Amino acid sequence: MPTNPDTIPTPTLDAMRRDGNWNPLWNTLSDWDPEWTEQFMAMNATPARRGVFTPEFVELLSIAIDAAATHMYAPGVRRHIRMALELGVSREEILTVLQMVSVLGIHACNLGVPILEEELDAHERRQIAALRTAP
């Protein structure tokens with residue numbers, strides 16, 4: 167960890183704060199290790215800055231990431247929806263992204279239901295075995 171965090175330049179972090187893209191939950195991390203946080207955030211922002219995708223597509227993708235069941239970051243969803251609308255993305259396009267990403271949650275059932283079925287069967291077999299051995 168740097169001995170004097172005030173001397174570490176953090177242009178990416180500064181821009182994120184200025185543009186409203188900063189999550190206050192990152193404050194402690196930034197305070198403790200601004201150099202690492204700057205490098206991480208700069209790396210994270212690089213794909214969007216390259217210009218391979220249109221700004222509209224970047225916003226739709228950001229909505230999908232922030233709305234995904236594994237992430238669920240409401241401030242990011244709100245910010246990226248607002249930015250997408252300002253760029254001219256339609257309500258239908260945004261709604262379609264939200265509908266598409268909603269299926270990620272079904273994987274909890276795809277994983278959990280078969281396990282539940284196996285465990286219920288095993289539980290039932292143990293109960294039957296216990297009844298057979300009971301005096």
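Using the numbering used here, read the sequence shown as starting at 167 and increasing by one per residue.
Where is the CB? At the ideal position from N, CA and C, for every residue including glycine.
All values reported here derive from a predicted model rather than from experimental measurement.
Legend entry - Cα-Cα separation between Val267 and Ala234, rounded to whole angstroms: Straight-line Cα distance between these residues: approximately 6 Å.
Inset, instruction - Compute the Euclidean distance between the alpha carbons of Ser228 and Ile294, then round it to the nearest angstrom. - result: Linking Ser228 to Ile294 through their CA atoms gives a straight-line distance of about 52 Å.
Inset, instruction - Under 8 Å Cβ to Cβ from Leu282, same chain only, skipping five residues before and after it: list those, please. - result: Its chain contains no residue whose beta carbon lies nearer than 8 Å to that of Leu282 once the 5 sequence neighbours on both sides are disregarded.
Legend entry - Identity of the residue in Ile174, Gln265, Val224 nearest Glu204 by Cα: Residue Ile174 is the option with its Cα nearest to Glu204.
Legend entry - Contact between the region 203–219 and the region 239–259 (3+ Cβ pairs under 8 Å): In short, these stretches do not touch, since the Cβ pair count stays below three.
Inset, instruction - Give me the Cα-Cα distance between Met167 and Phe206, rounded to the nearest whole angstrom. - result: Residue confidence is low: Met167 scores 49 on pLDDT, short of 50, so the model does not pin down where it sits. No coordinate-derived value is stated.
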